[in-house]
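Per the working numbering, the sequence shown starts with residue 3, numbered consecutively.
Glycine included, every Cβ here is placed at the ideal spot set by N, Cα and C.
The structure appears right after this line, and notes come after that.
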Amino acid sequence: MNVLLLRSPTLDVPDKYEAVFRTHGYSPISVPVLETTLVHLEQLAERIAEGPSVHHFTGVVITSKRSIEAWGQAVDSIVAQSRESAIVQEVSSGNEGRTSWGSIPFYVVGEVTAEAARELGKRLPHGLGPTDVRGRSEAGSAEQLARFILEDGDVSESKKMLYLTGDKNRDTMSRILNQGGVGLEELQVYETRGSSTFAHDLEDALRRAGFVRCDGDDANEAWGWIVFFAPSAARHVYPTLRDHFFFRRLVDTGGVDELGHGRKEIAKVAAIGPTTASSLRDELGLRVDVVAPKPTTAELASAIVGFDSANHSVY
């Protein structure tokens with residue numbers, strides 16, 4: 003039986019979701035539903051070109067590799083445009099002093115982000131990128147990083163940092179640091195939106211998986227599962243999914259989606275957690291067959307296997 007995972011697969015190592023479903027005899031298919039776009043790079047470039055001392059920044063806070071990518075692109079634009087600024091002039095003369103971004107710490111979440119920051123620092127002109135990278139494995143979340151910053155000895159002498167964020171960050175970082183007397187200037191540098199290529203990617207994935215449609219009236223068994231991981235993603239992809247699948251609904255309309263005409267397969271619906279499940283029911287009117295007790299690969303797979311074992315004759 004198939005499992006369509008509406009998420010980006012892990013590319014550099016075996017994907018844990020796909021691996022666990024294969025061990026249970028399922029055929030997993032992963033299709034990305036979201037894409038991240040860098041934004042406000044001009045404002046970031048202005049801040050970088052001015053140097054940290056102009057705004058009295060004593061640190062930079064970064065919680066995502068996307069923010070590292072944004073910093074790199076902003077610096078590239080500065081260099082490409084030969085922007086006349088104090089920091090560029092001082093870097094060129096080799097006398098950057100306290101205006102250098104290399105003179106202040108970059109606080110990052112996790113080793114992956116830290117490694118990206120270190121590599122960026124090696125690539126960029128000295129003084130325009132991270133040199134002193136802190137946090138790393140000691141701070142694997144925003145909360146842990148915030149407390150790490152407060153405990154760091156260099157913070158006591160000044161209390162303002164540049165914080166690069168996305169569009170969905172929580173207030174955990176700013177709340178903890180503000181309570182500890184550290185101010186943040188937040189600048190959003192990336193945003194997450196529905197994938198503009200989802201329809202094409204889905205068609206391609208289903209074709210590679212040997213997807214064959216059959217008449218809806220003859221579909222006595224479900225094609226398999228569609229697993230939703232976030233409410234916003236569900237809203238984005240549902241119209242496209244309905245072009246391929248029948249969906250059972252909360253209101254009885256003969257057992258399948260009332261708009262599901264033609265050659266489509268019945269899909270069972272799973273949600274990674276209660277918030278996503280509520281959105282599927284309340285906003286899309288879908289019947290959710292399985293909700294993972296905990297948002298983990300093992301719990302999700304176990305719930306689906308259990309449902310199929312108990313309801314084999316129903317589908």
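Given a length threshold of 3 residues, each whole run of the beta strand (DSSP E) inside the region 130 to 154 is given here in chain order: 134 to 136.
Rounded to the nearest angstrom, the gap between the Cα atoms of I31 and A272 is 14 Å. The beta carbon of F23 sits closer than 7 Å to those of V5, P30, A303, all from its chain and outside the five residues before and after it, given in chain order.
Per DSSP, A273 is one residue of the beta strand (DSSP E) stretching across 267 to 273. T38 carries a strand assignment under DSSP once its states are collapsed to helix, strand and coil. Counting the other Cβ atoms within 10 Å of the Cβ of S69 gives 16 or more, which makes it buried. When the Cα atoms are used, L282 and P16 turn out to be separated by approximately 29 Å. G183 sits exposed, since fewer than 16 C-beta atoms from the chains shown fall within 10 Å of its C-beta. By the neighbour-count criterion, in which a residue is buried when 16 or more other Cβ atoms sit within 10 angstroms of its Cβ, L252 is exposed. Residue state for I106 is assigned as coil, using DSSP reduced to three classes.
By the Cβ test, the region 146 to 157 is in contact with the region 180 to 195, since at least three Cβ pairs between them sit closer than 8 Å.
For V35 and V292, the gap between their C-alpha atoms comes out near 20 Å. Membership of G196 in the beta strand (DSSP E) is indicated by the continuous run 192 to 196.
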